[in-house]
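*Asks:*
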Amino acid sequence: MIKKMKLYHTGYSIIESPDIYFGRKNADFGQGFYLSDDKKFVGKWARERKNESVYVNIYELDLHSLNVLRLERDEKWLSYIQENRRGKEDHYREYDVVIGPIANDTIYDVLGIISSGFLSFDEALTLMKLGPEYKQIVIKTRKAAEALEFLTAKELAKETLKESAKVIKAEEEKYLEVVSRKMESMF
Numbered sequence: 576m577i578k579k580m581k582l583y584h585t586g587y588s589i590i591e592s593p594d595i596y597f598g599r600k601n602a603d604f605g606q607g608f609y610l611s612d613d614k615k616f617v618g619k620w621a622r623e624r625k626n627e628s629v630y631v632n633i634y635e636l637d638l639h640s641l642n643v644l645r646l647e648r649d650e651k652w653l654s655y656i657q658e659n660r661r662g663k664e665d666h667y668r669e670y671d672v673v674i675g676p677i678a679n680d681t682i683y684d685v686l687g688i689i690s691s692g693f694l695s696f697d698e699a700l701t702l703m704k705l706g707p708e709y710k711q712i713v714i715k716t717r718k719a720a721e722a723l724e725f726l727t728a729k730e731l732a733k734e735t736l737k738e739s740a741k742v743i744k745a746e747e748e749k750y751l752e753v754v755s756r757k758m759e760s761m762f
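Written out as structure tokens, the structure reads:
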């Protein structure tokens, strides 16, 4: 079992001491500090902002004494995301770290479609399993934040940000095509 993980977080500042209470409460896995173990992914996730630098903050997380929840693209994962996105109480607050797939941003549409009764939960899960799977690691407790060691930060070049935006746009377009075809076959 992995005891230490090298992790990355993209942002507009160097973050030596992450604040687990800073982020949105209604994010995929609730409030916490979101990271990835995929350096290429966090570079793609970065968005250029006028007059601001973009940094990849690099950390090492010691998992040795942490309570870790690992999720897969399944019913438990989608239910957890659905509850968090609706601002419900976190059912897994006993965990220091949550690791699992990122829900595509189209989750808002999928959750809306579930609420409207047009899609069943199982049909929505089928759609959510489509497309690329990227992992997120969320630091949820102070104990986990203390186990996260800041190593360094690197500024991303403007050219890198522009290339990343093109890659993400292409991935999103391909994903929407796949989802559209799947929805056509479902109905």
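Residue numbers (this note's numbering): 576 to 762.
We put the beta carbon where it would ideally sit given N, CA and C, even for glycine.
#1: Can you check whether the CB of isoleucine 712 is closer than 8 Å to the CB of serine 640?
#2: Alanine 745 to serine 695, Cα distance in whole Å?
#3: Roughly how far, in whole angstroms, is the beta-carbon of lysine 718 from the beta-carbon of glycine 605, given that I think they are within contact range, below 8 Å?
#4: Under 8 Å by Cβ, that's how I've got phenylalanine 608 and isoleucine 589 pegged, so tell me the actual separation to the nearest angstrom.
#5: Going residue by residue through the stretch 671-757, where are the continuous beta strand (DSSP E) segments of at least 3 residues, counting only ones entirely within it?
#6: Please list, in chain order, all residues of the same chain as lysine 619 whose beta carbon is under 6 Å from its beta carbon, the five residues on each side excluded.
#7: Run the CB neighbour count on tyrosine 583, radius 10 Å, all protein chains shown included, and call it buried at 16 or more, exposed below.
#8: Take glutamate 627 as the anchor and find which of Asp603, Ala720, Tyr587 has the nearest alpha-carbon.
#9: Which residues does DSSP list as the beta-bridge partners of methionine 761?
#10: Just reading off the beta strand (DSSP E) that arginine 668 is part of, what are its end residues?
#11: From the DSSP secondary-structure annotation, give me the bridge partner or partners of asparagine 632.
*Replies:* By the coordinates alone:
#1: Here the question's residue 640 lines up with position 65 in the sequence shown. Here the question's residue 712 lines up with position 137 in the sequence shown. Contact flag unset, no.
#2: Here residue 745 refers to the residue found at position 170 of the sequence shown. Here residue 695 refers to the residue found at position 120 of the sequence shown. Each residue's Cα considered, the two are about 29 Å apart.
#3: Within the sequence shown, residue 718 is the residue found at index 143, counting from 1. Within the sequence shown, residue 605 is the residue found at index 30, counting from 1. That pair is no contact at about 16 Å.
#4: For the purposes of this step, residue 608 is taken as residue 33 along the sequence shown, with counting starting at 1. For the purposes of this step, residue 589 is taken as residue 14 along the sequence shown, with counting starting at 1. At roughly 14 Å, the Cβ-Cβ gap does not stay under 8 Å, so phenylalanine 608 and isoleucine 589 are not in contact.
#5: 672-676, 710-714, 723-730
#6: Along the sequence shown, read from residue 1 onward, the residue named residue 619 stands at position 44. Here the set comprises Ser739, Val742, Ile743.
#7: The residue labelled residue 583 in the question sits at position 8 within the sequence shown. With 16 or more other Cβ atoms within 10 Å, it is buried.
#8: Translated into the one-based positions of the sequence shown, residue 627 becomes position 52. It is Tyr587.
#9: By one-based count along the sequence shown, residue 761 stands at place 186. According to DSSP, methionine 761 bridges with nothing at all.
#10: In the sequence shown, residue 668 corresponds to position 93, counting from 1. Arginine 668 -> no beta strand (DSSP E), and no H or E assigned at all.
#11: The residue labelled residue 632 in the question sits at position 57 within the sequence shown. Per DSSP, His584, Ala728.
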